[in-house]
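2 protein chains.
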Amino acid sequence: MISDAEFLEFIHKGHEHYLTHLSVDCVVFGFHDNQLKLLLTKVINIGQWSLPGGFIRKEESVDMAAKRILRERTGLENIFLEQFKVFGSVERNNTPDTKRIVQAIDKNINEKNWLLQRMVSMGYYALVDIEKVTPTSDTLSEECRWWDLTALPPLLFDHTDIVKDALKALRRHLANKPIGFNLLPEKFTMTELRRLYETILGRPIDRGNFEKKMLKLGILERLDEVKSNVTYKAPFLYRFNTAKYQELLEADTGFGF
Amino acid sequence: MISDAEFLEFIHKGHEHYLTHLSVDCVVFGFHDNQLKLLLTKVINIGQWSLPGGFIRKEESVDMAAKRILRERTGLENIFLEQFKVFGSVERNNTPDTKRIVQAIDKNINEKNWLLQRMVSMGYYALVDIEKVTPTSDTLSEECRWWDLTALPPLLFDHTDIVKDALKALRRHLANKPIGFNLLPEKFTMTELRRLYETILGRPIDRGNFEKKMLKLGILERLDEVKSNVTYKAPFLYRFNTAKYQELLEADTGFGF
DNA sequence: ACAAAAGTGTTCACCTTACACCCATGA
DNA sequence: TCATGGGTGTAAGGTGAACACTTTTGT
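If you're matching them up, the sequences are chains A and B in order. For the first sequence, full-length UniProt numbering gives the first residue as 1, with consecutive numbering after it. For the second sequence, full-length UniProt numbering gives the first residue as 1, with consecutive numbering after it.
As structure tokens, this is what we get:
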């Protein structure tokens, strides 16, 4: 969270550094305990929860802005990030909340202030390893933490819709491209990978068939190690073969579940 | 094409009516003679060809803006239109062309003029029946006509890349959803539909297998009529069953070729 | 009769799906 | 030894690709 003086500067001079009418909202998925988590920030002055978001600096591309915003919230570089939809309805941020956020600092704020304008938002979604993330608040938020995807609080503006669309996009993506590289630790068991798929798709997947399919893709390397301290047969550990993974990401060959 | 006075008004007052830093570019595919065509507009003052595009009025959504722009260029309502990507690099419209377009009218134009700013463009693609279109120029163009997709002229800014990405998105879409509703006349033969698919995908498709697959989708109705005046066996005519077509569009079940 | 393209059927390879069987481990 | 989950195999059904055969029409 920033000081009042800094926030005033941001309100009144922000339009000199950022593109007006444009924002970026990030749907950040994390995976833990066989559950999908979502990273949310609590908006200052109104206490409403929202997607981590931000604006686009005049000297950075939209993709770079999304990466920066995510880096600032999570501490992570090289995040898997995908622009999935534009949210451009007229009324999406025309709510009392918009004014309340800035009026808490400056009651006489001009109606033409850039922060009170209509915002067209670029929706991005990201997949991260929850263990590697240090949730950090930003300029406009006083708290940043993980929420269970199945028990989200009411969200700012149309952010609930954005989350729904992001999940759809994620599932569509999962059916066509390998995913998991960013949500799991470096070494993992086949079951851990399968649980991830089951959680994202919301349905069980046959164990044997999943294993065969994943192995045939050729993006996994079986290690000599096995997971220890388990009360059952020790499973092999795998890791992604980054080179082949990239190949498959770029190819347009789908594989469906 | 508009008068100099109108253009001056647009240059100097446009930012009051349109969202700054935002534009819409439309990749309009048409189908004729087993070839994909692209609708292009010739930019005033510089003679460069470009995608039909425009800006977003403050009182319309981004989707509505795209529809309006397309309606103005083609005369068509209810066009199949899909937002496929955002083009947001810093330098994409930072070229001498940008200045030349406006300086032809006003040599002393302010560098901070909204038209000279960095533009983030929302890429849309559309599929239309070429017979129903009346290409019409707009504010910033002096000509509007169809081009053969395989022989495009050099295009403004990054528009060549936008076209490439649109074609990729179209092919991806074609593999997952029924398409054709908007590119063919109401009644068509199975071969006409197949030619459309072959043209978009850029490769031949087995006749028998295509027919079986399309019919199994259940979105086609075979009519009692046949095509006449052909020098071979008269083929059946089909039309789309709009209701089932919509169902399939909304379902997430893919069908791949 | 012939050329051309429609309409239809058959075969084969492959993939998905469901499910079964045995194995290794710690309690 | 038993419960638990890992590793692997197999049979059934479906799908796509390739291709062949017959039909219809105008010339």
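Yeah, the Cβ is synthetic: ideal placement off N, Cα and C, and Gly gets one too.
Contact residues of the stretch 44-61 of chain A toward chain B are I56, K58, E59, E60, S61 (C-beta to C-beta distance below 8 Å). In this structure, the straight-line span from the alpha carbon of K13 (chain A) to that of N110 (chain A) is close to 13 Å. Taking a cut-off of 8 Å for Cβ pairs, the stretch 66-80 of chain B and the stretch 101-118 of chain B do not touch, as fewer than three such pairs fall below it. When the alpha-carbon of E143 (chain A) is set against those of A:L223, A:S3, A:G47, the nearest one is in A:G47. Around the beta carbon of V230 (chain A), fewer than 16 other beta carbons lie within 10 angstroms, which makes this residue exposed. Listed in chain order, the non-local C-beta contacts of E192 (chain B) below 8 Å within the same chain comprise L184, local neighbours out to five positions each way being set aside. Taking D129 (chain A) as the centre and dropping the five residues before and after it, the same chain places the C-beta of N182, L183, L184, P185 closer than 7 Å to its C-beta, in chain order. In the three-state reduction of the DSSP assignment, Q35 (chain A) falls in the strand class, which pools E and B.
Among the residues of the stretch 117-131 of chain A, those with a Cβ less than 8 Å away from any Cβ of chain B are R118, V120, M122, in the order of the chain.
Taking C-beta atoms as the reference points, V62 (chain A) and Y125 (chain A) fail to come closer than 8 Å.
Collapsing the DSSP output to three states places V102 (chain A) in a helix. Judged by beta-carbon spacing, V133 (chain B) lies beyond the 8 Å limit of L38 (chain B), meaning their Cβ atoms are not closer than that value. Taking C-beta atoms as the reference points, F157 (chain B) and N93 (chain B) count as a pair closer than 8 Å. Leaving aside the five residues that flank E225 (chain B) on each side, the residues in its chain whose CB is nearer than 6 Å to its CB run, in chain order, L237. The beta carbon of D63 (chain B) sits closer than 8 Å to some beta carbon of chain A. DSSP lists A:V24, A:V86 as the beta-bridge partner residues of M122 (chain A). Listed in chain order, the alpha helix (DSSP H) elements of length 4 or more contained wholly in the stretch 197-229 of chain A are 207-217.
In this model, L127 (chain B) and F80 (chain B) are separated by some 6 Å (Cα to Cα). Flagged as an interface residue toward chain A: G88 (chain B), by a C-beta distance shorter than 8 Å.
Secondary structure of F157 (chain A) (DSSP, three-state): coil.
Annotated three-state conformation of L116 (chain B) is helix, per DSSP.
Short of 7 Å from the beta carbon of S137 (chain A), and not among the five residues preceding or following it, lie these beta carbons of its own chain, in chain order: M1, T41, E143, C144. Interface criterion met: the Cβ of H21 (chain A) is under 8 Å from a Cβ in chain B. Shown here, L19 (chain B) sits in coil according to DSSP, grouped into three states, outside any helix or strand. With fewer than 16 other Cβ atoms inside 10 Å of its own Cβ, T95 (chain A) counts as exposed. Interface with chain A (8 Å Cβ-Cβ cutoff): Q83 (chain B) is included. In the displayed model, R239 (chain A) falls within a strand according to three-state DSSP. Distance from the CA atom of L116 (chain A) to the CA atom of G54 (chain A), rounded to whole angstroms, is 14 Å. Rounded to whole angstroms, the gap between the alpha carbons of G123 (chain A) and M122 (chain B) is 12 Å.
Shown here, K132 (chain B) sits in a helix according to DSSP, grouped into three states.
For D4 (chain B), the three-state secondary structure derived from DSSP is helix.
For the alpha helix (DSSP H) assignment, the uninterrupted runs of no fewer than 4 residues enclosed by the stretch 42-98 of chain B are, from N- to C-terminal side, 62-74. Around the C-beta of R222 (chain A), fewer than 16 other C-beta atoms lie within 10 Å, and the residue is accordingly described as exposed.
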